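In our numbering, the protein residues as written are 86 to 191.
Note that CB positions come from ideal geometry on N, CA and C, so glycine has one too.
Bear in mind that the values here come from a model prediction, so they are computed numbers and not experimental data.
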Amino acid sequence: MRVLFDQGTPVPLRKYLVTHQVATTFELGWGYLKNGELLQQSEASGFFVLVTTGQNLRYQQNHTGRTIAIVVLTTTSWPRIERAVDLVATAIDSAAPGSYVEVPIP
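What follows is the structure, encoded as C-alpha cells:
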C-alpha cells in the first residue's frame, strides 16, 4: 500500500512499515502544499494513507468523498512513537478508504 508521511511525521517510522511503499512530502517536493491541496495531490498520485501529526486536520477539511485514509499521530516525538509503533502500524494496516483515525501515543 502507498503511504505518505506529512511534515512532522518522524521518518524513522518508515523502517517499521516494510510491507508498504512509504514516501514523504519532503521527498516529493510537496512541502509547500496546504492541507486541501495535499489531500488532492496525494489521492491523484495514488496514495492510500496519509500519516500526519496535524491534529486539526479533522476540523479544517471536509473528508466526505475522500479516497485517502488519514492516520493522525498525537505527537511528533519519535521516542514515544517508536514505543507505540505497533499501534501505528495497525492503524495504517486497517485504514479504510476515506477514514480518519487518531492514534493516541502515550
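### Query
Residues in its own chain within less than 8 Å of F132 by CB, not counting five upstream and five downstream?
By 1-based counting over the sequence shown, the position of residue 132 is 47. Excluding sequence neighbours, F132 sits near R87, V88, L89, A108, I153.
### Task
State the Cα-Cα distance for the pair A169 and A180, rounded to the nearest angstrom.
Your numbering for residue 169 matches position 84 in the sequence shown. Your numbering for residue 180 matches position 95 in the sequence shown. A169 and A180: Cα-Cα distance of roughly 17 Å.
### Task
Quick one: using the 10 Å Cβ neighbour count with 16 as the cut-off for buried, is D171 buried or exposed?
Position 86 of the sequence shown holds residue 171. Flag for D171 reads exposed.
### Any alpha helix (DSSP H) of 4 or more consecutive residues that is wholly inside the stretch 114-163
120-129, 142-145
#### Entry: Residue span of the alpha helix (DSSP H) that contains L102, given as start and end
The residue labelled residue 102 in the question sits at position 17 within the sequence shown. Neither: L102 is in no alpha helix (DSSP H) and is coded neither H nor E.
### Message
Only counting the same chain, and skipping five residues up and downstream in sequence, which positions put a Cβ closer than 7 Å to that of W115?
### Response
Locating residue 115 in the sequence shown gives position 30, where the first residue counts as 1. Excluding residues within five positions, the ones whose Cβ falls inside 7 Å are L123, Q126.
### Query
Skipping 5 residues on each side, what residues in its chain have a beta carbon closer than 7 Å to that of P189?
One-based indexing of the sequence shown puts residue 189 at position 104. T159.
### Query
By how many angstroms is the C-alpha of L102 removed from the C-alpha of L113?
Locating residue 113 in the sequence shown gives position 28, where the first residue counts as 1. Locating residue 102 in the sequence shown gives position 17, where the first residue counts as 1. Whole-angstrom Cα-Cα distance: 19 Å.
### Task
Report yes if the C-beta distance between V157 and E128 is below 8 Å; otherwise report no.
Position 72 of the sequence shown holds residue 157. Position 43 of the sequence shown holds residue 128. Their beta carbons are not under 8 Å apart, which means V157 does not touch E128 by this criterion.
### Message
Quick check on D91: buried or exposed, where buried means 16 or more other Cβ atoms within 10 Å of its Cβ?
### Response
The residue labelled residue 91 in the question sits at position 6 within the sequence shown. Buried is the call here.
### Task
Kindly indicate which residue of H105, S162, Q106 has the alpha-carbon position closest to the one of T94.
Start at 1 with the first residue of the sequence shown, and residue 94 comes out as number 9. Nearest of H105, S162, Q106 to T94, Cα basis: S162.
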